[in-house]
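One structure is given here, and the rest of the page talks about it.
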Amino acid sequence: MKKIGFIINPIAGMGGRVGLKGTDGMVEKAIELGAIPQAPIRAKKALVELLEFKDSVQIVTAYGEMGESIAKDLGFNTKTVYNSLNLKTSCEDTIKGARKIIKENIDILIFAGGDGTARDIFTAVGLDCVTIGIPAGVKIHSPVYAQNPRKAGELVKKYLNGKIGQVNEVEVLDIDEKAYRKGIVNTQLYGYLNIPYEKNFTQNRKAPSPLSEKANQNLIALDIIDNMKEDTLYIIGPGTTTRAIMENLNLPNSLLGVDIVMNKNIVKKDVTEKDILKEIKSRKCKLILTPTGGQGYILGRGNHQISPSVIEHVGRNNIIIASTSQKITSLYGRPLMVDTGNEEIDKSLSGYMRITIGYGEYTIYPVKC
Numbered sequence: 001m002k003k004i005g006f007i008i009n010p011i012a013g014m015g016g017r018v019g020l021k022g023t024d025g026m027v028e029k030a031i032e033l034g035a036i037p038q039a040p041i042r043a044k045k046a047l048v049e050l051l052e053f054k055d056s057v058q059i060v061t062a063y064g065e066m067g068e069s070i071a072k073d074l075g076f077n078t079k080t081v082y083n084s085l086n087l088k089t090s091c092e093d094t095i096k097g098a099r100k101i102i103k104e105n106i107d108i109l110i111f112a113g114g115d116g117t118a119r120d121i122f123t124a125v126g127l128d129c130v131t132i133g134i135p136a137g138v139k140i141h142s143p144v145y146a147q148n149p150r151k152a153g154e155l156v157k158k159y160l161n162g163k164i165g166q167v168n169e170v171e172v173l174d175i176d177e178k179a180y181r182k183g184i185v186n187t188q189l190y191g192y193l194n195i196p197y198e199k200n201f202t203q204n205r206k207a208p209s210p211l212s213e214k215a216n217q218n219l220i221a222l223d224i225i226d227n228m229k230e231d232t233l234y235i236i237g238p239g240t241t242t243r244a245i246m247e248n249l250n251l252p253n254s255l256l257g258v259d260i261v262m263n264k265n266i267v268k269k270d271v272t273e274k275d276i277l278k279e280i281k282s283r284k285c286k287l288i289l290t291p292t293g294g295q296g297y298i299l300g301r302g303n304h305q306i307s308p309s310v311i312e313h314v315g316r317n318n319i320i321i322a323s324t325s326q327k328i329t330s331l332y333g334r335p336l337m338v339d340t341g342n343e344e345i346d347k348s349l350s351g352y353m354r355i356t357i358g359y360g361e362y363t364i365y366p367v368k369c
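In terms of UniProt numbering, the sequence shown has 100 at position 100, counting the first letter as 1, and numbering is strictly consecutive.
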């Protein structure tokens, strides 16, 4: 019988939709703002992909919301090896739980969380076992994660079936969240984890924007500004390309947050999901997004405030994608990605979309979930 380690950081990603740009040290604030745990929901989507193995695998996990509840709900043969004594889980629980799990001679460890969780898993297991991450955090720079929860499950399935023989050591990266909330991105390498390698299933390491892109970003910004319609709300997502729009409008901006503009004036800065839904109710609106460098995500990485509810209200035809040609080239033909947590929304966004790549310059590029 194969053994699959399974552990969830239940609080991962809670700061996203409420605009906190991360959850480390901000759980109480996130709850106060109405945040709802997303990690268990996303972890379940991965485990559903393994239901065909239900009679031939054992899930080795931690108590309650750290994995046990979902595994049992799905009918898996479940062994619980760690029980937290804390009412609210912490990074120490992730580390202790993972260490207990790998002592059971598991075949692979799957974990749900963000970059902070990946750091905890590295601390717990290092290179002692094969792992794969289910993306559930706000900021996910590390390439230890699958492109989305479903693909995490599919990747584990392929690995257990012997269809993936290559295991790579990949980086565990994280940023200083305090600096991140001030608009400063300081990425640090913490170590490596072993993951089953399949390029169409795992995400790339996030890449920074080189200085040479600045001029291209300004041309894109001017094109978008010149085509802005009156009395229309523009929801402007995070990123250096979208920041150029705000700079050319001479408006204050939150590099790593979401801002709303109308008639070239700021309506609200650094908004939450609730703020956006309140502002766009019964009003014309458009959404401006830019892909993450090196990864190509336009939704689901660092912009959780732009939730499935927001996207459904805005509509696919009112989404503007802005990207420098360098970013598109760096994808080497891989599609842009969406991972909102809602499969129907993700599917509705799939297909070809127009991208603004300069002043009066556009390209058509595939989007995939």
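Every residue gets a Cβ at the ideal spot worked out from N, C-alpha and C, and that includes glycine. As the structure is a computational prediction, the values presented were derived from the model and not from experiment.
*With 16 other Cβ atoms within 10 Å as the buried cut-off, status of Arg354*: Residue numbering aside, residue 354 sits at position 354 when the sequence shown is read from its first letter. Classified as exposed, Arg354 has fewer than 16 neighbouring CB atoms from the shown chains inside 10 Å of its CB.
*Can you list, in chain order, the residues of its chain whose CB lies under 6 Å from that of Cys285, leaving out five sequence neighbours each side?*
The count along the sequence shown starts at 1 and reaches residue 285 at position 285. The beta carbon of Cys285 is closer than 6 Å to those of Leu233 and Val314 in its chain, skipping five residues each way along the sequence.
_Could you pull the DSSP bridge partners for Cys285 from this structure?_
As a first step, residue 285 is located in the sequence shown; it is residue number 285 there, counting from the start. Listed as beta-bridge partners of Cys285 by DSSP are Leu233.
*Does DSSP classify Glu361 as helix, strand or coil?*
As a working mapping, residue 361 is identified with position 361 in the sequence shown. Residue state, collapsed to three classes: strand.
_Buried/exposed call for Leu211, threshold 16 Cβ in 10 Å_ = Residue numbering aside, residue 211 sits at position 211 when the sequence shown is read from its first letter. For Leu211, the predicted structure reports a pLDDT of 49, less than 50, and the residue's modelled location is therefore unreliable. A value from the coordinates is still provided. It counts as exposed.
*The beta strand (DSSP E) with Pro10 in it runs from where to where?*
The sequence position of residue 10 within the sequence shown is 10, counting from 1. Pro10: not part of any beta strand (DSSP E); DSSP gives it neither H nor E.
*Let me know the secondary structure DSSP gives Leu211 once reduced to three states.*
Indexing the sequence shown from 1 puts residue 211 at position 211. Its pLDDT being 49, under 50, Leu211 is placed unreliably by the model, and nothing is read from it.
*asked:* Does the structure place the stretch 193-207 close enough to the stretch 256-266 that three or more beta carbon pairs sit under 8 Å?
replied: Fewer than three Cβ pairs drawn from the stretch 256-266 and the stretch 193-207 lie within less than 8 Å of each other, which leaves the two stretches out of contact.
*Could you spell out the range, first to last residue, of the beta strand (DSSP E) harbouring Gly113?*
Translated into positions along the sequence shown, residue 113 becomes position 113. Counting along the chain, the beta strand (DSSP E) containing Gly113 begins and ends at Ile108 to Gly113.
*Would you identify the three-state DSSP class for Ile134, choosing helix, strand or coil?*
Sequence index remark: in the sequence shown, residue 134 carries index 134 (1-based). Reduced to three states, the DSSP call for Ile134 is strand.
*Pick helix, strand or coil for Val271, following the three-state DSSP scheme.*
By one-based count along the sequence shown, residue 271 stands at place 271. Reduced to three states, the DSSP call for Val271 is coil.
_Do Thr324 and Glu247 count as a contact pair if the criterion is CB distance below 8 Å?_
By one-based count along the sequence shown, residue 247 stands at place 247. By one-based count along the sequence shown, residue 324 stands at place 324. Thr324 is positioned such that its CB atom lies no closer than 8 Å to that of Glu247.
*Could you give the DSSP three-state label for Met66: helix, strand or coil?*
Here residue 66 refers to the residue found at position 66 of the sequence shown. Looking at Met66 - three-state DSSP - the assignment turns out to be helix.
*Got a sec, what are the start and stop residues for the beta strand (DSSP E) Asp259 sits in?*
Locating residue 259 in the sequence shown gives position 259, where the first residue counts as 1. Unbroken beta strand (DSSP E) run through Asp259: Asp259 to Met262.
_Closest by C-alpha distance to Tyr332, when choosing among His304, Tyr365, Ser348 and Asn318_ = Here residue 332 corresponds to residue number 332 of the sequence shown, with the count starting at 1. For Tyr332, the nearest C-alpha among the options comes from Tyr365.
*Compare the beta carbon distance of Ala118 and Val138 with 8 Å and say whether it is the shorter of the two.*
By one-based count along the sequence shown, residue 118 stands at place 118. By one-based count along the sequence shown, residue 138 stands at place 138. No. Outside cutoff.
*asked:* So the candidates are Ile220, Lys44, Val156 and Ala322; which of them puts its Cα closest to the Cα of Gly198?
replied: Looking up residue 198 in the sequence shown gives position 198. For the sequence presented, residue 198 should be read as Glu rather than Gly. Proximity to Glu198 across Ile220, Lys44, Val156 and Ala322 peaks at Val156, based on C-alpha coordinates.
*In DSSP terms, what Tyr159 is bridged to*: Here residue 159 is taken as the residue at index 159 of the sequence shown, counted from 1. Answer is none; Tyr159 lacks a bridge partner.
*How would you label Leu256, buried or exposed, when you count the other beta carbons within 10 angstroms and need 16 or more for buried?*
Taking the first residue of the sequence shown as position 1, residue 256 is located at position 256. By the 16-neighbour rule on beta-carbons within 10 angstroms, Leu256 is buried.
_Quick test of your reading: Ile121 and Leu193, contact by CB under 8 Å. State the CB separation rounded to the nearest angstrom._
Within the sequence shown, residue 121 is the residue found at index 121, counting from 1. Within the sequence shown, residue 193 is the residue found at index 193, counting from 1. Yes, they are in contact, since the Cβ atoms of Ile121 and Leu193 sit about 7 Å apart, within 8 Å.
*Which full runs of the beta strand (DSSP E) of 3+ residues lie inside the stretch 36-64, going along the chain?*
The qualifying runs are 57-62.
*Within 10 angstroms of the Cβ of Tyr82, are there 16 or more other Cβ atoms? Answer buried if so, exposed if not.*
To locate residue 82, count along the sequence shown from 1; it is residue 82. So Tyr82 ends up on the buried side.
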